[in-house]
Amino acid sequence: MKKWFWLIVLLAGVVLPVHAQESIPISSPEDLAAIAENPGGDYILMEDLDMSGIDWIGPDFSGTLDGNGHSILNLTITGTGVSTAVTTDGNQKRYDSVFAGLFGKLENAQIRNLNLCNVRGVITTDQPCFLGAIAGYSMDSSVVNCSVSGELELRAHDRMFGVAGVLGYGVGSVEDCLVDMTLICVDTDSGTRDEQFLGGVFGMGFMTVSDSEIRLDAYISEHGYVHSGGLAGMMMQYPVAMDKASRIVRNKVDARITFFEDNTDRRAYCEPIVGELLLNFNYGILDNQQRLDKHEVKEYDRELRPEGCQNPIYSETVMLSSCDTFGYTEYCCQGCGYTYTDHYTLHSHDVKDWNVRIASTTEHTGESTGTCVRCGAEVTREDPVLSPEPETIPTAQPETEPSIPETVPETPAQVKGVKTGTILLIVGLIVAVAAVGLAIFILPHRSRGKYQEK
Ligand SMILES: [Zn+2]
Ligand SMILES: [Zn+2]
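Residue numbers (this note's numbering): -17 to 436.
This is the structure:
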């Protein structure tokens, strides 16, 4: 018995530290950006993040990112990463391509339990390029139990390019994910024929996609060859994927694809699950539910976009956030009724009493915590740097017993309330004085008038 006990203690001592290897916490947009400096690390998201106002260029990544059930709001992808990788088209031609997404290139990486809410981006490039909400490129990487929503647009013209809801190009797996994306792909040069790829999950490659739900609204304006599908634009077991297997199983796809293919040598691949299947050996496509609303346009002079009006005027409706729902603004075109949402806002709680954990000074910010009176959540807020104030006249009170409430910095709302109160008091006094003045001077005049009438 004792021997077993000590053996277990010894094993625990050896094994536990390895498993308990601490993930690097991410609590701010700055922390998320710092992944670029240590792209092989293991990370865990500690808070929902609002990425509004940040131009994001996805770093390459080869570690793990556990979203911990949290959400990244309003990620705006504004450019491609600097590194390239070889992509192969259906004719086995190879191109050095660039990539864009939350990450540029994934290699042996895992992204799990993460929600990308309202990811946005318009990528304009002169190179072969793949864009995906999670990553532009995947090599042996997996995306598990994640959700993505938003709108991505790729504007390219060089030989081979594509856009996807999750991963642009490559080899990997996507499991138990929820995709709700609007994708736009525009070939900006009508003079050359290029290969264009678009899919709700991946654009081109050889991947496993299982138990996922995909809602796709896609718009393709292409003067070369279209490869589009509700789940994938094209699936091909290209050379680097020869030892891999692919299973497209138990997915639910609901797609609308609006496209033109301005090309007399027509292919126009547009299918509910995979646009074009080419040279696949070890794969299976089973038990998927699918619905495709395919809408081919035969006019090529105008880009296809979700908004039909040339100069749309939108009405805006702001939906406020609550304890457990994000806020957002709904935009509705007054001409055609096209509606989209943008500018999501983080959960907002109702805290009455704040406890200062770190008092803010004139040099640095402070931190307070409190409990939401609606849902009971523990909420942390940053308190602003104090504005330097003139020296106060020392009071007779001994400095050794400052009362706690005095050290609690007022919230901006409270400060505003106090100021408003003071102003109201002064205004009230002025009104009172004026009223007395009126009573003294005007009323007797009125009375006099009446007497004169008599
Ligand atoms: Zn409109
Ligand atoms: Zn709450």
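Glycine included, every Cβ here is placed at the ideal spot set by N, Cα and C.
Just so we're clear, the structure is a prediction, and the values are computed from it rather than from any experiment.
- D269: not part of any beta strand (DSSP E); DSSP gives it neither H nor E.
- Y220 is positioned such that its CB atom lies no closer than 8 angstroms to that of G185.
- Checking the 7 angstroms criterion, the Cβ of A359 is within range of a heavy atom belonging to ligand 2.
- Note on geometry: alpha-carbon atoms of L84 and I39 lie some 7 angstroms from one another.
- Between the C-alpha atoms of S9 and D32 there is a straight-line separation of about 11 angstroms.
- In this structure, P288 has its beta carbon at no less than 7 angstroms from each heavy atom of ligand 1.
- For S350, same chain residues with a beta-carbon under 7 angstroms away, outside a window of 5 residues either side, are W336, N337, V338, R339, R363, D365 in chain order.
- The C-beta distance from L328 to D30 rounds to 5 angstroms, short enough to meet the 8 angstroms contact threshold.
- The beta carbon of G72 sits closer than 6 angstroms to the beta carbons of L260 from its chain, once the five residues preceding and following it are set aside; these are given in chain order.
- The three-state secondary structure of L302, taken from DSSP, is coil.
- Rounded to the nearest whole angstrom, the C-alpha separation of E258 and A237 is 16 angstroms.
- Rounded to the nearest whole angstrom, the CA to CA distance from T353 to V333 is 6 angstroms.
- Using a cutoff of 7 angstroms, the CB of R363 does not count as near ligand 2, since none of the ligand's heavy atoms is closer than that.
- Taking 8 angstroms as the cut-off, the Cβ atoms of C318 and Y296 do not count as close.
- Remark: C-beta atoms of L213 and V235 approach each other more closely than 8 angstroms.
- Annotation for P11: the continuous alpha helix (DSSP H) segment containing it runs 11 to 15.
- Counting only runs of 4 or more residues that sit fully inside the region 6 to 68, the alpha helix (DSSP H) segments are 11 to 15, in chain order.
- A contact between stretches requires three or more CB pairs, one per stretch, nearer than 8 angstroms, and the region 88 to 98 fails this requirement with the region 168 to 187.
- In this chain, N293 is not harboured by any beta strand (DSSP E), its DSSP state being neither H nor E.
- Beyond the five residues adjoining it in sequence on each side, S129 comes within less than 6 angstroms, by CB distance, of N97, L160 in the same chain, given in chain order.
- For C128, the shortest C-beta to heavy atom distance toward ligand 1 is 7 angstroms or greater.
- Beta-bridge pairing by DSSP links F85 to A117.
- If only complete runs of 3 or more residues are kept, the region 125 to 161 shows the beta strand (DSSP E) at 129 to 138, 142 to 146, 149 to 157, in order along the chain.
- Annotated three-state conformation of A214 is strand, per DSSP.
- According to the DSSP secondary-structure assignment, N337 is paired through a beta bridge with T351.
- About 18 angstroms separates the Cβ atoms of V145 and S194, ruling out a contact at the 8 angstroms cut-off.
- Using a Cβ distance threshold of 8 angstroms, V64 and T107 do not count as a contacting pair.
- Judged by DSSP secondary structure, E289 falls outside any beta strand (DSSP E); it is assigned neither H nor E.
- Between the alpha carbons of Y282 and E4 lies a distance of about 54 angstroms.
- A check of alpha carbon separations from T343 across K280, V355, L368, S330 identifies L368 as the nearest.
- Between N56 and Y322, the C-beta spacing is not below 8 angstroms.
- Summarising the contact set, residues whose Cβ lies nearer than 5 angstroms to any heavy atom of ligand 1 are, in chain order, C291, P294, C315, G317, C318, Y320.
- Within the DSSP secondary-structure output, V208 pairs in a beta bridge with Q178.
- Cβ-Cβ distances below 8 angstroms link I255 to G211, G212, L213, A214, I230, N233, V235, I267, N270, Q272 in the same chain, with the five nearest sequence neighbours on each side left out; the list follows chain order.
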